[in-house]
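Chemist: In our numbering, the protein residues as written are 1103 to 1212. We put the CB at the ideal spot given by N, CA and C, even for glycine.
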């Protein structure tokens, strides 16, 4: 089981609740990417990065069928929510909030 404890406080700062099992699944999914500072963060000013979040996380892992515009709007909303974090947002928190937004936390945790 992946350890999500170091992301817990940051997630709780922005999320409506905290689903530890879902957070652990996200950490497990990201795996070694979290060891590298650059890949452990999401840059909201990088269109290529945001497209990767949409395709790999929203479409791939969460299996969302919404239009690109709907997914991009949700991603932009998370960027806005995480604005207090500064230029780079933690990928675990970012992915968690997207899963929460689309009601996918239980599916991840299961």
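#1: If you follow the alpha helix (DSSP H) that residue 1107 is part of, which residue opens it and which one closes it?
#2: Count the other CB atoms, across all protein chains shown, that sit within 10 Å of the CB of residue 1121; report buried if there are 16 or more and exposed otherwise.
#3: Quick check: residue 1145 and residue 1188, are their CB atoms within less than 8 Å of each other?
#4: Answer yes if the segment 1131 to 1138 comes into contact with the segment 1110 to 1119, meaning at least three C-beta pairs across the two stretches below 8 Å, and no otherwise.
#5: CA-CA distance, residue 1166 and residue 1160?
#6: Just reading off the beta strand (DSSP E) that residue 1143 is part of, what are its end residues?
#7: What are the complete alpha helix (DSSP H) segments, minimum 4 residues, inside the segment 1147 to 1171?
#8: Can you tell me where the beta strand (DSSP E) holding residue 1191 begins and where it ends?
Modeler: Reading off the structure:
#1: Taken as a continuous stretch (DSSP letters only), the alpha helix (DSSP H) holding residue 1107 covers 1107 to 1116.
#2: buried
#3: no
#4: no
#5: The alpha-carbon separation between residue 1166 and residue 1160 amounts to approximately 6 Å.
#6: In this chain, the beta strand (DSSP E) harbouring residue 1143 covers 1143 to 1145.
#7: 1149 to 1154
#8: 1190 to 1192
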